[in-house]
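Here's the structure, in structure tokens; my notes come after.
In the numbering used here, the protein residues as written are 1 to 183.
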């Protein structure tokens with residue numbers, strides 16, 4: 001039986017960071033860059049809460065996010081050996097449901113609709129691995145949590161880190177090899 005991987009969308013396969021910075025500037029006139037927000041939480045990095053809320057609830061925000069470098073090729077390759085599930089806590093932003101589904105159809109058409117999970121709380125997910133950028137999701141992971149680097153988690157070090165999609169295949173192989181040695 002194939003090992004399973006839950007993969008988050010925003011900040012993992014969707015490069016939401018520069019996209020949010022761009023939309024925030026359009027909405028507020030405040031020019032930020034990725035270095036300026038590194039190590040800050042979302043509310044600290046984007047101090048105008050009303051503008052942030054408006055952006056995250058604006059039609060086309062999620063639909064127009066760029067794809068994370070290397071994500072398409074790596075996910076497609078991983079599907080040969082792993083059961084892949086795309087998991088997003090999309091319920092927080094109801095407008096995002098259709099947009100995220102359309103985004104996945106465009107960029108990841110090879111992922112079956114049965115392997116797409118939109119939920120409110122990721123603690124219900126029971127996969128062998130979870131790739132996410134938020135500890136609030138990884139801390140409750142039933143399998144092996146893998147933290148994808150994002151501006152808000154730079155200072156966090158209690159999960160194994162992924163900096164780029166090209167690291168993922170060997171990281172998974174090494175983890176499985178270590179686990180099999182123990183057994």
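Here a beta-carbon is modelled for each residue, glycine too, at the ideal position from N, C-alpha and C. Everything numeric in this text was worked out from a predicted model, so none of it was measured.
- By the neighbour-count criterion, in which a residue is buried when 16 or more other Cβ atoms sit within 10 angstroms of its Cβ, residue 53 is exposed.
- Counting other Cβ atoms within 10 Å of its Cβ, residue 158 stays below 16 and is therefore classed as exposed.
- Beta-bridge pairing by DSSP links residue 83 to 4.
- With respect to residue 91, residue 119 sits close: the two C-beta atoms are nearer than 8 Å.
- Taking all protein chains in view, the Cβ of residue 145 is crowded by 16 or more other Cβ atoms within 10 Å, so the residue is classified as buried.
- Annotation for residue 156: 135, 147 place their beta carbon closer than 8 Å to its own, counting only its chain and skipping 5 residues before and after.
- Ranked by Cα distance from residue 60, the options 37, 85, 16 are led by 16.
- Looking from the CA of residue 38, the closest CA among 168, 154, 171, 160 belongs to 154.
- Look at the beta carbons and you see the stretch 69-89 not touching the stretch 28-43: under three pairs across the two are nearer than 8 Å.
- Cα atoms of residue 113 and residue 130: separation of roughly 19 Å, rounded to the nearest angstrom.
- For residue 160, the three-state secondary structure derived from DSSP is strand.
- The three-state reading of DSSP puts residue 98 in helix, counting H, G and I together.
- Cβ-Cβ distances below 7 Å link residue 115 to 84, 85, 86 in the same chain, with the five nearest sequence neighbours on each side left out; the list follows chain order.
- Between residue 51 and the set 98, 40, 65, 22, the nearest pair of CA atoms involves 22.
- Secondary structure of residue 117 (DSSP, three-state): strand.
- Secondary structure of residue 38 (DSSP, three-state): coil.
- For the set 175, 26, 7, 162, the Cα lying nearest the Cα of residue 48 is the one of 26.
- Judged by DSSP secondary structure, residue 56 falls within the alpha helix (DSSP H) whose first and last residues are 49-56.
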